[in-house]
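Following: one structure in structure tokens, then a few remarks.
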Amino acid sequence: MAKRWDVPGPTKDNLFDRNGVNERFEESNNENRHNPPTVGNEIGGSFSSEGESPGIEVFQIIGEAKPGCKLLGCGFPVRGTSLCMFQWVRHYPDGTRQYIEGATNPEYVVTADDIDKLIAVECIPMDDQGHQVVDLALLSLNSFLL
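Reading the sequence shown from the start, the letters are residues 1 to 146 in the UniProt record's numbering.
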């Protein structure tokens with residue numbers, strides 16, 4: 001049975017580890033539970049740089065790309081992934097990028113500052129032993145232009 005990582009928003013049910021990283025895993029045995037995204041990009045497969053490293057499969061951004069609307073980074077944890085660290089990033093037309101201050105949860109509310117920018121989320125899957133994916137460049141592939 002696959003676990004699906006999914007966070008519906010900031011609620012008292014969300015768990016935070018001692019480093020403040022938001023994590024919540026739900027068992028998903030109902031294939032009809034998937035809600036199709038309004039906007040989203042999906043990359044199949046795992047983003048792990050090592051065959052046995054923790055990873056996230058079918059990692060995607062879902063939500064509506066309009067100021068005031070929420071975006072959510074989600075996917076299926078594999079190979080012992082027990083938590084994920086997140087960082088939302090703005091990519092500018094000149095090729096520079098900016099880590100969005102305070103945007104370290106799977107959920108992000110789009111702001112006016114995001115208009116005409118490429119928005120991405122970096123997800124660093126970790127296992128209980130602290131192993132994580134080394135190649136972060138592969139983790140920011142799920143992005144879209146606002």
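Beta carbons: idealized from backbone N, C-alpha and C, even for Gly. Predicted model only: the values in this text are computed from it and were never measured.
Exercise. Would you mind stating whether residue 82 and residue 128 have Cβ atoms separated by less than 7 angstroms?
Key: Against a cut-off of 7 angstroms, the Cβ pair of residue 128 and residue 82 comes out as a contact.
Quiz item: If you scan the UniProt domain "AIR9-like A9" (82 to 131) from start to end, which runs of the beta strand (DSSP E) of 3 or more residues do you find wholly inside it?
Solution: Within the UniProt domain "AIR9-like A9" (82 to 131), the complete beta strand (DSSP E) runs of at least 3 residues are 97 to 99, 107 to 109 and 118 to 127.
Exercise. Counting only the same chain and skipping the five closest in sequence on each side, list residues whose C-beta sits under 6 angstroms from that of residue 98.
Key: When the five nearest sequence neighbours on each side are left out, the beta carbons in the same chain lying within less than 6 angstroms of the beta carbon of residue 98 are those of 90, in order along the chain.
Practice problem: Identify every residue that forms a DSSP beta bridge with residue 147. | Solution: Here the chain comprises residues numbered 1 to 146, so residue 147 is not present and cannot be evaluated.
Quiz prompt | Cβ separation of residue 110 and residue 65, assumed to be a contact under 8 angstroms, to the nearest whole Å | solution = Confirmed, Cβ separation roughly 6 angstroms.
Quiz prompt | residue 176 versus residue 106 - alpha carbon distance | solution = Missing from the structure shown is residue 176; the chain here goes from 1 to 146 and no further.
Quiz item: According to the neighbour-count rule (16 or more other Cβ atoms, all chains shown, within 10 Å of its Cβ), is residue 113 buried or exposed?
Solution: By the 10 Å Cβ count, residue 113 comes out exposed.
Quiz item: Taking residue 93 as the reference, which of 116, 101 and 100 has the closest Cα?
Solution: Checked all of 116, 101 and 100; the closest Cα to residue 93 is 116.
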